[in-house]
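*Asks:* So that we are looking at the same thing, I have put the structure below in structure tokens.
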Amino acid sequence: MVLERKIAFIHLNKDSVEIAPIPLDLRKKFLGGRGINMYLLSKSYSPDLDPLSPENPLIFGAGLLTGTLGFGSRMNITAKSPESGHLGDSNVGGDFGAELVKAGFSHLVIKGKSQRPVYLLIKNGKVEIRDAQKLWGQDTVETQRIIRQELGDGKVQVASIGLAGENLVRFSAIRSGMKNSAGRTGMGAVMGSKNLKAVAARGTLDITISDPKYYFKYYLKNMKKLMETKWVQALGKYGTPLLFQYANAMGFLSIRNNQSTTIGDQGVALEAEALEPFSTGMLSCFGCPAHCRHRFFIEEGKYKGTKGEGPEYASIGSLGTKLGNIDLENIIYATELCNRYGLDTISTGSYLAWAMELFQRGIIGQEMTEIPLNWGDGEAILQLIHRIAERKGFGNVLAEGAFAKKIFGEASRDYLLDIKNFPIEMTDERLPKSFALGMATSTRGACHMRSRPSLDILGLPEEALKKIYGGPVSDRFSSYSGKGRMVWWHEIFNAVSDALGFCRFLTVFSSPHAPQYKEFSKLIALSTGLAFPPKDLKTIGERIYTLERMMLVKDGISRQDDTLPKRYFEEPIPEGPAQGEIISPKEFDGMLDEYYRLHGWNKNGIPQTRTIKRLGLDEAHRTESLRGNNEN
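Using our numbering, read the sequence shown as starting at 4 and increasing by one per residue.
Below is the structure:
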């Protein structure tokens, strides 16, 4: 049964493992995935916890429905972030989460530091700590090949770090498959700090569900409805790069570190159709009906022989337009370099853009950078990616991410577009006000995946928006009215989605016809036999998000930190379809007030005592129902 999956507490410093059941009351409060991960992290979280210390737990968590036939099969990897210094969490797709479940586990809590490089083998209810000396120094793809060869099993799924994680680059990723990345917040550096090269999973255990006949029937009904939407049909044909055209045409794309927001007709070179000559097919994650991932091969030219999966819209924006780069082949190659090294493409692009603007403005010079950092210089981009992963020269400075502010000096601060010490992504939010608020309030810093209300792009009638969000919301993309409600709603919904293991793209994130709470409730009942009415799921989402906020409050985060870069408030967009757009401080404060009120937090963004009690979080913090959670 789904509910029989276990949790393993792995103590690398002791070479020991404890395996325990997951209490039903914990499932009822947090479901799984991101929800239980946050509960587990909260036990160790403090402002004094060094993200790169053995005491920082690295937590793998599959969603409650991960591994069942559904709409995605995702998992979260969680720890205190070495990139921001605050809450760290990254969501990843592919096949690893489902394989972990088939091996009998929902969660892994990895503590301590091994004295030697090791990897974990998770197989049919057992956990083995194995030597990884020969894997150290290998890239993320080669590591997977060697482990499969060693185990004599080509079906083993592997999550590993590359050279960047080994070298504790603060924005390094954990990678699985050809491109699946737990990329954001530096979970690869946490893994590297523990001398943990990889986690391999192989399972042949049955995944039984409560009511298979009706589950399958209900699944097919919802899949048919979903596959008939224009969004999923386009996603299956073009993948996420289809979003590039919209962002460029509407004027909320990052160009040269957000100095502009569109490249106009030049955008054709980077649109989804431009990938077609390199695409060799489309693939999906485990159990997903949409095939949104390109597999590519470059047959000739400078990057001849390069193959892999992607690039996604986020990588095209981050290693492309954000750097003034419109050479698609260079972007594909740069993305593959990041994947092999285990670098997050979004953060890598953000820190390179920061350095390029500092170079443009004369704040840093070639005596520091070693090479000219000119916008659009693809070769310089590639050189810097190598140097960051290897921590060589100027790359060693950039490997510190936002913490390099101390090296670059006070004049550099306004040009790193960051929130809570975490860089803004491949977009510019001065036009879409709901996107701006979502960036400012995200519990992992600047993040579109925590709360972005992509429905805002569609211009749905206000009656339809009111039905979805439970209150008045403007249908104008550039309006502030009701957008605090929008962001609050999506934060709660996305927390539930992650706790279940659903893919964001196959929920109401992008289509009003996609599954919502009602469908979630039914799928849980048919899978597990547990009753979670939609209103209870909403409460669980609130509980997860407020617990995350409580951890940030421990770090001293409050209203003053729920803000945007200075550029957003002071520099109107200079040209293009969004020309003149800017964030009004007064209107932004109004959105923030609405947002806090709906969450039950005070004017400073601190969860109120009655909210904490209503959500049962005071009790959750006292509960010690799992073994092993006080040991390092």
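Positions of the beta carbon are idealized from the N, C-alpha and C atoms, including for glycine.
Output yes or no for whether 7 Å exceeds the beta carbon distance between A392 and V400.
*Replies:* No, these two residues do not count as a Cβ contact at 7 Å.
*Asks:* Can S117 and T143 be called in contact, C-beta distance under 7 Å?
*Replies:* Going by C-beta atoms, S117 is not nearer than 7 Å to T143.
*Asks:* Do three or more CB pairs link the region 472-485 to the region 190-198 at distances below 8 Å?
*Replies:* No, they do not touch.
*Asks:* Roughly how many angstroms separate the alpha carbons of L434 and G66, rounded to a whole number?
*Replies:* Roughly 34 Å separates the two Cα atoms.
*Asks:* Given 8 Å as the limit, is there contact between the region 534-551 and the region 491-501, that is, 3 or more CB pairs closer than that?
*Replies:* Judged by Cβ distances under 8 Å, the region 534-551 makes contact with the region 491-501, as three or more pairs qualify.
*Asks:* Using the rule of at least 16 other Cβ atoms within 10 Å of the residue's Cβ for burial, across every protein chain shown, is M181 buried or exposed?
*Replies:* Classification of M181: buried, given that the 10 Å Cβ count is 16 or more.
*Asks:* Could you tell me which uninterrupted alpha helix (DSSP H) segments, each at least 4 residues in length, are contained entirely in the region 200-238, listed from first to last along the chain?
*Replies:* Entirely contained in the region 200-238, the alpha helix (DSSP H) runs reaching 4 residues are, in chain order, 215-230.
*Asks:* Consult DSSP for Q386 and reduce its assignment to one of helix, strand or coil.
*Replies:* Three-state result, Q386: helix.
*Asks:* What separation, rounded to the nearest whole angstrom, lies between the Cα atoms of G290 and L72?
*Replies:* Cα to Cα, the separation comes out at about 5 Å.
*Asks:* Considering only their Cβ atoms, is the gap separating G345 from R178 smaller than 7 Å?
*Replies:* Yes, Cβ-Cβ distance for R178 and G345 is below 7 Å.
*Asks:* Suppose you measure from the CA of T81 to the CA of L44; what does that come to, to the nearest Å?
*Replies:* Between T81 and L44, the C-alpha separation is close to 7 Å.
*Asks:* Closer than 8 Å by C-beta to Y221: which residues in its own chain qualify, once you throw out the five before and the five after it? Chain order, please.
*Replies:* The answer, listed in chain order, is K525, L526, L529.
*Asks:* Between the Cα of K589 and the Cα atoms of G603, L355, F572, which residue gives the shortest distance?
*Replies:* Of G603, L355, F572, the residue nearest in Cα terms is F572.
*Asks:* Round the Cβ separation of E578 and S257 to the nearest angstrom and send it over; I've been treating them as touching at under 8 Å.
*Replies:* No, E578 and S257 are not in contact; Cβ-Cβ is about 14 Å, not under 8 Å.
*Asks:* Write down the C-beta distance between L238 and C295 rounded to the nearest angstrom, noting that I regard them as a contact closer than 8 Å.
*Replies:* Contact holds; Cβ gap of about 5 Å.
*Asks:* Would DSSP call T612 helix, strand or coil?
*Replies:* Correct three-state label for T612: helix.
*Asks:* Checking the sheet assignment: what are the DSSP bridge partners for R178?
*Replies:* Its beta-bridge partners are S163, S184.
*Asks:* Leaving out five residues on either side along the sequence, give the residues of the same chain with a beta carbon under 7 Å from the beta carbon of D18.
*Replies:* Once the five neighbours on either side are set aside, the close Cβ partners of D18 are I132.
*Asks:* Note down the Cα distance separating N377 from A358, rounded to an integer number of angstroms.
*Replies:* If I take the Cα positions, the gap works out to 10 Å.
*Asks:* What whole-angstrom Cβ distance do L503 and L34 have, given they're in contact under 8 Å?
*Replies:* That pair is a contact at about 6 Å.
*Asks:* Please check the pair G242 and G107, which I expect to be a contact at CB under 8 Å, by giving their CB distance rounded to whole angstroms.
*Replies:* That pair is no contact at about 33 Å.
*Asks:* Go ahead and label Y217 buried or exposed: buried means 16 or more other beta carbons lie within 10 angstroms of its beta carbon, across all protein chains shown.
*Replies:* The residue in question, Y217, is exposed, as its Cβ has fewer than 16 Cβ neighbours within 10 Å.
*Asks:* Do P456 and S437 have their CB atoms nearer than 7 Å?
*Replies:* Against a cut-off of 7 Å, the Cβ pair of S437 and P456 comes out as a contact.
*Asks:* Taking only three categories from DSSP, how would you classify R298?
*Replies:* If DSSP states are grouped into helix, strand and coil, R298 belongs with the strands.
*Asks:* Pick helix, strand or coil for N607, following the three-state DSSP scheme.
*Replies:* Residue state, collapsed to three classes: coil.
*Asks:* By how many angstroms is the C-alpha of Q136 removed from the C-alpha of G396?
*Replies:* Approximately 26 Å between the Cα atoms of the pair.
*Asks:* So G64 and H110 are in contact, right, with Cβ under 8 Å, and what is the actual spacing, rounded?
*Replies:* Yes, they are in contact, since the Cβ atoms of G64 and H110 sit about 5 Å apart, within 8 Å.
*Asks:* In terms of residues, what are the limits of the alpha helix (DSSP H) holding E573?
*Replies:* Its alpha helix (DSSP H) spans residues 569-573.
*Asks:* Please return the same chain residues whose Cβ sits closer than 7 Å to the Cβ of G593, not counting the five positions on each side in sequence.
*Replies:* Correct list, in chain order: Y483.
*Asks:* Classify F1 as helix, strand or coil using the three-state DSSP reduction.
*Replies:* Any question about residue 1 goes unanswered here, given that the chain covers just 4 to 635.
*Asks:* Let me know if E627 comes out buried or exposed under the rule of 16 or more other beta-carbons within 10 Å of its beta-carbon.
*Replies:* Note that E627 scores a pLDDT of 40, beneath 50, so its modelled location is shaky and nothing firm can be said.
*Asks:* Which one of S87, G96, R119, Q160 has the shortest CA to CA distance from K105?
*Replies:* Among S87, G96, R119, Q160, the Cα nearest to that of K105 is on Q160.
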